[in-house]
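Residue numbers (UniProt numbering): 1 to 189. A virtual CB, placed ideally from N, CA and C, is assigned to each residue, including glycine. Quick caveat, the model's predicted, so the values are computed rather than measured. Comments concern the structure below.
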Amino acid sequence: MKAGSHWARDRRDRVWRCRGECSAACNILQHDRFGGGSVMVWGGISLGGRTALHVLARGSLTAIRYRDEILRPLVRPYAGAVSPGFLLMQDNARPHVAGVCQQFLQDEGTDAMDWPARSPDLNPIEHIWDIMSRSIHQRHVAPQTVQELADALVQVWEEIPQETIRHLIRSMPRRFREVIQARGGHTHY
Numbered sequence: 001m002k003a004g005s006h007w008a009r010d011r012r013d014r015v016w017r018c019r020g021e022c023s024a025a026c027n028i029l030q031h032d033r034f035g036g037g038s039v040m041v042w043g044g045i046s047l048g049g050r051t052a053l054h055v056l057a058r059g060s061l062t063a064i065r066y067r068d069e070i071l072r073p074l075v076r077p078y079a080g081a082v083s084p085g086f087l088l089m090q091d092n093a094r095p096h097v098a099g100v101c102q103q104f105l106q107d108e109g110t111d112a113m114d115w116p117a118r119s120p121d122l123n124p125i126e127h128i129w130d131i132m133s134r135s136i137h138q139r140h141v142a143p144q145t146v147q148e149l150a151d152a153l154v155q156v157w158e159e160i161p162q163e164t165i166r167h168l169i170r171s172m173p174r175r176f177r178e179v180i181q182a183r184g185g186h187t188h189y
């Protein structure tokens, strides 16, 4: 299981185009945005399901918040429901690797996968975040407030087909092989 993303509403224009296609004016989608704001979310995925998308209240995600708002109420019950062989996949963000969180996982008997630094392309949840971002940006009416953005993210999360999640998770061995063949270099993932 893996997740966590930060969604910002800024004043930048987004350009969506196919690989090799230039930044033609017809590909630029402009939005009038309010003065900013962001939404931080966390969600977990597995072959058999997903957690609810958790929208974190304002403020930074500290190790204590991660333990108390994510690990304890979301990961622990999900791990118990999945199987005794549950393995948590999380990146090396400071709150994830902090001693208080590592101790909590150890006390709970939850194993966490070792994860290489700077390797988001290997993580299937990053592709889920990309799917969600594209879905939000393709809406006819863009979210105008932080609450509308949070609501839209929850809706998009729930609409992602489980088969898409399974496909991304099952692609991990191929991703790892390609990274090894590229000796840690870039891959098409």
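Burial state of Q106 (16 or more Cβ within 10 Å): Note on Q106: under 16 other CB atoms within 10 angstroms of its CB, so exposed under the neighbour-count rule.
Whether I128 touches I165 by CB criterion (8 Å): When the beta-carbon positions are compared, I128 and I165 come within less than 8 Å of each other.
Supposed close pair P95, Y66 - CB separation, criterion 8 Å: With a Cβ gap of about 4 Å, P95 and Y66 count as contacting.
Expected contact under 8 Å - CB spacing of I169 and V156 to nearest Å: For I169 against V156, the beta-carbon gap comes to about 19 Å, at or over 8 Å, which does not count as contact.
Inter-residue spacing [alpha-carbon to alpha-carbon] between F34 and T187: In this prediction, F34 has a pLDDT of 46, which is less than 50 and means its spatial position is unreliable; what the coordinates show is noted afterwards. Taking the straight line joining both Cα atoms gives about 37 Å.
Run of the beta strand (DSSP E) containing H54, from where it starts to where it stops: It spans 54 to 56 - the beta strand (DSSP E) in which H54 sits, taken as one unbroken run.
Where the beta strand (DSSP E) through S38 begins and ends: That run of the beta strand (DSSP E) goes 38 to 42.
Segment limits, alpha helix (DSSP H) that includes T164: 162 to 170 is the span of the alpha helix (DSSP H), which, as asked, contains T164.
Sheet register partners of D121 (DSSP bridge): Residue pairing by DSSP places D121 in no beta bridge whatsoever.
Closer than 7 Å: H137 CB and nearest the ligand GTP heavy atom: Absence of the ligand GTP from the depicted structure is noted, as is the absence of any ligand whatsoever, leaving it without description.
Start-to-end residues for the alpha helix (DSSP H) that takes in residue 190: Past the boundaries of the shown model lies residue 190; the chain is included only from 1 to 189, so the question cannot be answered.
Rounded straight-line distance, which links the Cα of S38 to that of F86: If you take the alpha carbons of F86 and S38, they lie about 32 Å apart.
Where D114 falls, given that 16 or more other Cβ within 10 Å makes a residue buried: Only exposed fits D114, as fewer than 16 other CB atoms lie within 10 angstroms of its CB.
Contacting residues, own chain, Cβ-Cβ under 8 Å from R72 (five flanking each side not counted): The beta carbon of R72 lies closer than 8 Å to those of F104 in the same chain, with the five residues before and after it left out.
Cα-Cα separation between A98 and N92, rounded to whole angstroms: Between A98 and N92, the C-alpha separation is close to 9 Å.
C-beta contact flag for R50 and G43 at 8 Å: The Cβ-Cβ distance between R50 and G43 falls below 8 Å.
Assigned secondary structure, L88 (DSSP; H/G/I helix, E/B strand, else coil): Reduced to three states, the DSSP call for L88 is strand.
Host alpha helix (DSSP H) of A152 (start-end): Element bounds for A152: 146 to 159.
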